[in-house]
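Going by the working numbering, the sequence shown opens with residue 2, and the numbers climb by one from there.
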Amino acid sequence: MRTHHCNELRESHIGQTVQLIGWVNSARDQGGVIFIDLRDREGVTQCVFRSEVSQEASDLSHKLRVEDVVQITGTVEARLKTDEVDTTNDKLETGRIEIVAKELTIVNKADVLPFQLDKEL
2 MRTHHCNELR ESHIGQTVQL IGWVNSARDQ GGVIFIDLRD REGVTQCVFR SEVSQEASDL
62 SHKLRVEDVV QITGTVEARL KTDEVDTTND KLETGRIEIV AKELTIVNKA DVLPFQLDKE
122 L
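The following block contains the structure:
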């Protein structure tokens, strides 16, 4: 059961366990850590899958494709921001937080798309 929409989470939610449901908008593998931009009707939230948090969720996240519908349960954490590294994204209202995933359920697999939705034709 969803606790929040993607665009609702802010720094005031840090430390809370939340559950989001939405479409995989994009997926990136950064050295074995998977970053998913999860989209619903309200906006986008970044979700992070690390094997040291949940091996099962991390393994399953490697199989996700754009437009798969997923349910993610995790903890709201602040994005890393130091003098050397800044992972915040001021273009997103949720750009100062991310969800560190503990559970992942694939609700519906998307068919392979004939073209990428994020590219101009």
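C-beta atoms are modelled at their ideal positions from N, C-alpha and C, and glycine is treated no differently.
{"query": "Between the Cα of Val34 and those of Glu12, Ser52, Leu93, spot the shortest distance and give me the residue it belongs to.", "result": "Ser52"}
{"query": "Going straight from the alpha carbon of Phe50 to that of Val113, what length do you get?", "result": "23 Å"}
{"query": "Tell me the rounded alpha-carbon separation between Arg66 and Glu78.", "result": "24 Å"}
{"query": "DSSP state of Ser55, grouped into three classes?", "result": "coil"}
{"query": "Starting from Thr88, trace the beta strand (DSSP E) in both directions and tell me its first and last residue.", "result": "No beta strand (DSSP E) holds Thr88; DSSP gives it neither H nor E."}
{"query": "Please list, in chain order, all residues of the same chain as Cys48 whose beta carbon is under 6 Å from its beta carbon, the five residues on each side excluded.", "result": "Ile37, Leu39, Ile73, Ile100, Ala102"}
{"query": "When you compare only the Cα positions, how much space is there between Ser62 and Asp84?", "result": "30 Å"}
{"query": "Use the C-beta contact count for Ser1: other C-beta atoms within 10 angstroms, 16 or more gives buried, fewer gives exposed.", "result": "Summary: the structure shown does not reach residue 1, with the chain confined to residues 2 through 122, and so no result is reported for it."}
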